[in-house]
Structures are given as structure tokens and as C-alpha cells.
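Step one of this worksheet: look at the structure below.
Protein chains: 2
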Amino acid sequence: MSKKHAATDTETRASSEHAPDLRLWLRTLACTNLIENHIRSRLRAEFGITLPRFDLMAQLERSPQGLKMGELSKRMMVTGGNVTGITDQLVAEKLVVREDSPNDRRAYIVKLTPEGRRSFRKMAEAHETWVVELFAGMDEKQRSQLYDLLAALKTSATKVAAKK
Amino acid sequence: MSKKHAATDTETRASSEHAPDLRLWLRTLACTNLIENHIRSRLRAEFGITLPRFDLMAQLERSPQGLKMGELSKRMMVTGGNVTGITDQLVAEKLVVREDSPNDRRAYIVKLTPEGRRSFRKMAEAHETWVVELFAGMDEKQRSQLYDLLAALKTSATKVAAKK
DNA sequence: GTTGATATATCGATGTCTAAAATATCAAAA
DNA sequence: TTTTGATATTTTAGACATCGATATATCAAC
Chain A
95 MSKKHAATDT
105 ETRASSEHAP
115 DLRLWLRTLA
125 CTNLIENHIR
135 SRLRAEFGIT
145 LPRFDLMAQL
155 ERSPQGLKMG
165 ELSKRMMVTG
175 GNVTGITDQL
185 VAEKLVVRED
195 SPNDRRAYIV
205 KLTPEGRRSF
215 RKMAEAHETW
225 VVELFAGMDE
235 KQRSQLYDLL
245 AALKTSATKV
255 AAKK
Chain B
95 MSKKHAATDT
105 ETRASSEHAP
115 DLRLWLRTLA
125 CTNLIENHIR
135 SRLRAEFGIT
145 LPRFDLMAQL
155 ERSPQGLKMG
165 ELSKRMMVTG
175 GNVTGITDQL
185 VAEKLVVRED
195 SPNDRRAYIV
205 KLTPEGRRSF
215 RKMAEAHETW
225 VVELFAGMDE
235 KQRSQLYDLL
245 AALKTSATKV
255 AAKK
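First to last, the sequence lines map onto chains A and B. By the working numbering, the letter at position 97 of the first sequence is numbered 191, and the numbering carries on one by one without gaps. By the working numbering, the letter at position 47 of the second sequence is numbered 141, and the numbering carries on one by one without gaps.
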């Protein structure tokens, strides 16, 4: 669909009487959706993989010793039930394995298989290229400023979201 | 879950060898997810509504004359089939209605019911308060800069994403 | 008028994603 | 020891979300 429609976007729902903060938030959301949809469809078209599966593999690539389900859940900021489902899929595709934890019989350790690692590396390279393309219209200074401002936003939002 | 875990976040998947652009993108994503999850759970907890339904109602609030399904799909940047499902739910809750388009017998016009409008206004007010809270840790200048930089990002990404 | 291309919406299959409940384990207090 | 409370995961039910296919309607050109 991101292809089918020329796509007015989420941001249009901010009408002029809305608080500036609301417009800022909607613009943030619009950017993220735009990029995420683009990456999602390219991953699908070129590698036949979904974004969540790619994300889970990315976590494992960074942790060669493997990760527990709960750890994956925390890092991906999704629920445990979700991780179960995605892991099931990846296991069926032989891209990851579940090993019993030696210390804790409740826990699994999830690891990339050799094929999973090989496969991920190829996809990650393409993925990085796409991201570079998407940000290419900004100059170095703009990107750097954006990076810093988002740090401030993250701090601000975390303070609120963390309560409770 | 966003409450259950202290939440390391998506951004951690950028390890140092990654391109700066990749880290920038992951930080953007982390911020959006953080805020979106927070809003989602408050909408659920305080009003018993989901974010997609709220978003659809927000579009209709801005267009009192109603919108066609396809128009909703474009503005929300989701597929038509998706809009069909969300609309079905809202119709069942009597918050919106589907009317036949007078001009085009293929199309429906979706409108808020009076109750839907009333209900939405109350939720929107709270929603705006939450957003203001989430951005409160940034000063006015930072927010304004962020707003401008995101415009640049949107332009940049649209250029790439628009090509088919 | 018929044809052919396009547009609108729905449906079915599949895959996230959440919240809540169920199961199992662990660790430490009573 | 037993019980209690916290932790780790799975399961379930329901809601989103995509894609591809389908049914129907429109419109332009012939």
C-alpha cells in the first residue's frame, strides 16, 4: 500500500489549532512510519523476511553468546508472547535455535545458526544501504543535530514513561 | 510490558561499527516506540480504546463532511483492508457510521456519530496533555529545531520512498 | 453500447503485538 | 522443609496490519 497510494500522511491530522507539541509528535511519527514502511517492504521484496524477524536476528548478531527470551523481549521493547511467536518462526526456518540454559531450567538461550548468521549479514548490509539512502537528503550537520535532539527527546520521554 | 521491563531499547542494537546513519535511524525508532507505547497504554487504561481507532476518529474529527475509506487509508498510511477492519469495530461501537456516497456507488462515506464526536473530544484533550508531558524535558528552541530537522528528514525519505 | 483500464472496498490467509492467565522454576524466609 | 514471592516462559484471545485476490462500479475511448 505504501506503493499504491501517493500517501498523504499522518501529519495531516494536526490542524492549526493543535498545540505545537502535538504537531511535533505527529511529524515524528510520520517520519518513522515512512521509513519503517519502506524498509519493511524492501526486506520483504528482496529477502522474503519480515521486519520483526530481522530485528530479532539483529539482536542475536550482536550477542554471539545468545540471549534469553526475556532479554530479547526487553531489547526489542515488545512482549514476551510476541518474542515466542517470532522465535518459533525463525526456528522453523532454521535461522535460530533454542538451547536450554545451563543455569536456569526455566530459560532458553536463543542463538543464530551458522546459516542464520550468514543470511543476516547479507541482509544487514543491504539494510544499512537503504538507511543511508533515506537520510541522504540531509547534510552532515543536520544529521548530527538531529541525533543530539533525539537524545534529549528520549531522556524527556523516558522520564515520563518510566513512572509506573 | 513497557512497564514490566526497565527496557533497554531498540537503539542498543546499533553497535559501534555501524554507520552513523544507522544509529541515527535506530534512535529515531526508539523514541517513536517509547512514546507510542506510552500513549497506547494510557488510551487503553483510561479510555478503553486502541490507538488505531483513536487515529481513525482523529481523521474524521478533522473532516466533518466525512471521508471515503480510501481517503482514510491514504491519510493513515495503512492498507485499505486495515481500514475496513477498524471501521467495522467503530461501527459496532456506534462511534462512526458508513453512509453511501451520493456520487460514487463504489464508495462509502465514513462519519463520526454525535456520540463519537463527543467521546473523541474528551480523549483528544487528554491525549494532547500526554504529548506535552512527554516533550516537556526539551526547551522551546530544541523542539523548534527538531521540528525543522524532521521536515528535512521527511523530504529526504519521501524522495526515496516515493520511487515506486 | 461495449471494451478495457482504473478505482473502491471487502475478504481470506498469514503474521505481528498486547494483555492476561497458566505453568514452571528459583531463591530465600519462616 | 515448606511456603512464599519473584522470575521466565508459554499460551490464549483479541486486535491490528500486510498482501493478494475478488467483486463491483466508474470512466474514457472506441
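Cβ atoms here follow ideal geometry from the backbone N, Cα and C, with glycine treated the same way. Bear in mind that the values here come from a model prediction, so they are computed numbers and not experimental data.
- Excluding five sequence positions before and after Y202 of chain B, the CB atoms of its chain that fall closer than 6 angstroms to its own CB belong to M163 and R192, given in chain order.
- Here DSSP, grouped into helix, strand and coil, assigns I203 of chain A to strand.
- With a threshold of 8 angstroms between beta carbons, S213 of chain B makes no contact with chain A.
- DSSP assignment within the segment 135-184 of chain A yields the following whole alpha helix (DSSP H) runs of 4 residues or more, N-terminal first: 145-156 and 163-170.
- Interface residue (Cβ-Cβ distance to chain A less than 8 angstroms): E140 of chain B is not classified as such.
- Ranked by how close their Cα comes to the Cα of V254 of chain A, the residues B:G210, B:R121, B:G174 and B:L128 have B:L128 in first place.
- K216 of chain A and L150 of chain A have their C-alpha atoms roughly 15 angstroms apart.
- Interface residue (Cβ-Cβ distance to chain B less than 8 angstroms): Y241 of chain A is classified as such.
- Interface with chain A (8 angstroms Cβ-Cβ cutoff): R237 of chain B is included.
- Of all residues in the segment 138-167 of chain A, the ones placed with a Cβ closer than 9 angstroms to any Cβ belonging to chain B are D149, A152, Q153, E155, R156, G164, E165 and S167, in chain order.
- Within the same chain, Cβ atoms closer than 8 angstroms to the Cβ of W224 of chain B are found at H132, I133 and R136, the five residues on either side in sequence being excluded.
- Pairwise C-beta distances place the segment 147-161 of chain B out of contact with the segment 236-255 of chain B, as fewer than three of them are shorter than 8 angstroms.
- Here the alpha carbon of Q236 of chain B sits roughly 20 angstroms from the alpha carbon of L120 of chain B.
- Between I143 of chain B and the set B:L240, B:L243, B:S213 and B:Y241, the nearest pair of CA atoms involves B:S213.
- In this structure, the CA atom of R200 of chain A is about 42 angstroms from the CA atom of V226 of chain B.
- Nearest CB-CB separation between A230 of chain A and chain B: below the 8 angstroms threshold.
- Listed along chain B, no residue sits closer than 7 angstroms to T181 of chain A by beta-carbon distance, the nearest being about 16 angstroms off.
- T178 of chain B and L118 of chain A have their C-alpha atoms spaced approximately 29 angstroms apart.
- Listed along chain B is no residue with a C-beta nearer than 7 angstroms to that of S195 of chain A; the closest approach is about 19 angstroms.
- By a beta-carbon distance limit of 8 angstroms, V190 of chain B contacts L206 of chain B. Their separation comes to about 6 angstroms.
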